[in-house]
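Novice: Here it is, the structure, as structure tokens.
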Amino acid sequence: HSAQGGKSGAKPAETSRIPQRKEFCHWPCRCPLVPTCAPGVSLVKDGCGCCKACARQSGETCNEADVCDPHKGLYCDYSEDKPRYETGVCAYLVAVGCELNGVYYLNGQTFQPNPLYKCLCVSGAIGCTPAFIPKLAARPCTRLKGRKKPGQSNCDPGQHKQLQSTSYRLMSAYRNLPLVLKKKCLVQATPWTPCSRTCGIGISSRVTNENSKCEMRKEKRLCFIQPCQTNILKTIKIPKGKTCQPTFQLPTAEKLIFSGCSTTQSYKLTFCGVCLDKRCCIPSKSKTITVQFECPNEGSFKWKMMWVTSCVCQRICSDPRDIFSELKIL
């Protein structure tokens, strides 16, 4: 009997060595308030399929419920949690890196090419967030009610809201889309992007649903802001007493050359001019025409093209090749 009793006493000890997995999901679902995630962090449904949660980032712990950020190519690596495999660490899947201005970045690498923004490379794509969140600009309020305590603001809570900058509304991403009703299709279009080249023929693009299927599509057109000349001031006559000549034309009509092909017609284009100071001139009004190119022994093709009608000269000049040119502190 004593031998049998010894064996029976050993079984519970063996059972206790088997790791018990913790249950992270509980049903029915009970969700807290939807959280506000930090800039660049995805708001996703948890691994239980219940509640919205801020996705875990690279190097953070993860489990069945707390999922890694899927939009950044992260997965939960459980390899260090043997033999339970219940808690892991978010890591990047092997993927291609990114190239920006001749510099190569690894997938998952964070970098700061601009003092105002921190960026992340994810599978060949680059995403950026502000490097810091600025405080409201200090501005005296019009009314002061009584004597304020030390450290207390001069403004009422309602006035603080009025002081917030609304300049972000001028950025192309925030502009309302122009709406036109056309054959049961509410036509929408984003503004055309700046020309990819400051001189010579470049490309501009926009997103619009102005097509037979009324689907949002990206369309491109050629743009020609200025001819590439070493000393363009010799071509442009700036009136006396003025510092800018917003537009100019070449003396004669010329054929356009694009990818080794030339247009079938000659065009006398309107170009944006120059200033004697540091201002630059950009198109303010334009329309779209269709031009046909003929290629030697290779047939012909048609392209939409920007036809400049007027330009404006301004002090804010940006390089069209700079992906951060329209980024501003909000």
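Under UniProt numbering, the first residue of the sequence shown carries the number 1, and numbering increases by one thereafter. Glycine is no exception: its CB is placed at the ideal position from the N, C-alpha and C atoms. If you're wondering where the values come from, they're calculated on a predicted model, not measured in any experiment.
1) Just to confirm, are residue 345 and C76 a CB contact at a threshold of 8 angstroms?
2) Between the beta-carbon of residue 332 and the beta-carbon of T198, is there less than 8 angstroms?
3) Give me the Cα-Cα distance between N252 and I236, rounded to the nearest whole angstrom.
4) Helix or strand or just coil, what does DSSP make of K213?
5) Over the uninterrupted beta strand (DSSP E) stretch that includes K118, give me the two end residues.
6) Take C128 and list the residues in its own chain whose beta-carbon comes closer than 6 angstroms to its own, dropping the five residues that flank it on each side.
7) Assuming L233 and V274 make a contact with CB atoms under 8 angstroms, what is their CB distance in whole Å?
8) Per DSSP, which residues does L100 bridge with? Please list them.
9) Between V308 and L250, is the Cβ-Cβ spacing less than 8 angstroms?
10) Are V187 and E210 touching if we call contact CB-CB under 8 angstroms?
11) Could you check where the beta strand (DSSP E) with A38 kicks off and where it finishes?
12) Where in the region 203-258 do unbroken runs of the beta strand (DSSP E), each at least 3 residues long, occur, reported from the N-terminal end onward?
13) Roughly how many whole angstroms lie between the Cα atoms of T247 and W303?
14) Restricting to Cα atoms, I'd like to know which of Q292, C272 and G40 is closest to C244.
15) Do the CB positions of N63 and F24 come within less than 8 angstroms of each other?
16) Below 8 angstroms on the Cβ atoms is my guess for A55 versus P35; work out the distance and round it to an integer in Å.
17) Compute the Euclidean distance between the alpha carbons of M171 and W192, then round it to the nearest angstrom.
Specialist: Considering the structure as presented:
1) Outside the shown range of the chain, which is 1 to 330, sits residue 345, and nothing can be said about it.
2) In the structure displayed, the chain extends from 1 to 330; residue 332 sits before or after that span and is not available.
3) On the sequence shown, position 252 is the one that residue 252 refers to. On the sequence shown, position 236 is the one that residue 236 refers to. The sequence given here has Thr at residue 252, not Asn. About 14 angstroms.
4) Here residue 213 refers to the residue found at position 213 when the sequence shown is read from its first residue. Looking at K213 - three-state DSSP - the assignment turns out to be coil, as it is neither helix nor strand.
5) Reading the sequence shown from its first residue, position 118 is the one you call residue 118. Run containing K118: Y117 to V122, per the beta strand (DSSP E) assignment.
6) For the purposes of this step, residue 128 is taken as the residue at position 128 of the sequence shown. Listed in chain order, the non-local C-beta contacts of C128 below 6 angstroms within the same chain comprise Y117 and C119, local neighbours out to five positions each way being set aside.
7) Counted from its first residue, the sequence shown places residue 233 at position 233. Counted from its first residue, the sequence shown places residue 274 at position 274. Rounded, the Cβ-Cβ distance is 6 angstroms, consistent with contact.
8) Here residue 100 is taken as the residue at index 100 of the sequence shown, counted from 1. According to DSSP, which records beta bridges pairwise, L100 is partnered with V103.
9) Looking up residue 308 in the sequence shown gives position 308. Looking up residue 250 in the sequence shown gives position 250. When the beta-carbon positions are compared, V308 and L250 stay at least 8 angstroms from each other.
10) Walking along the sequence shown from the start, residue 187 turns up at place 187. Walking along the sequence shown from the start, residue 210 turns up at place 210. A contact, by the Cβ cut-off of 8 angstroms.
11) Reading the sequence shown from its first residue, position 38 is the one you call residue 38. Here A38 belongs to no beta strand (DSSP E), and DSSP marks it neither H nor E.
12) The region 203-258 contains, as complete beta strand (DSSP E) runs of 3+ residues, the segments 217-224 and 244-249 (chain order).
13) Residue 247 sits at position 247 when you count from the first residue of the sequence shown. Residue 303 sits at position 303 when you count from the first residue of the sequence shown. W303 has its alpha-carbon roughly 24 angstroms from the corresponding atom of T247.
14) Within the sequence shown, residue 244 is the residue found at index 244, counting from 1. Across the set Q292, C272 and G40, the C-alpha of C272 shows the shortest separation from the C-alpha of C244.
15) Here residue 63 refers to the residue found at position 63 of the sequence shown. Here residue 24 refers to the residue found at position 24 of the sequence shown. Yes, they are a contact pair.
16) Your numbering for residue 55 matches position 55 in the sequence shown. Your numbering for residue 35 matches position 35 in the sequence shown. In this structure A55 does not touch P35 by the C-beta definition: roughly 11 angstroms separates them, more than the 8 angstroms allowed.
17) The count along the sequence shown starts at 1 and reaches residue 171 at position 171. The count along the sequence shown starts at 1 and reaches residue 192 at position 192. Annotation note: pLDDT 45 at M171 (below 50); position unreliable, coordinate value reported separately. Distance from the CA of M171 to the CA of W192, rounded to the nearest whole angstrom, comes to 12 angstroms.
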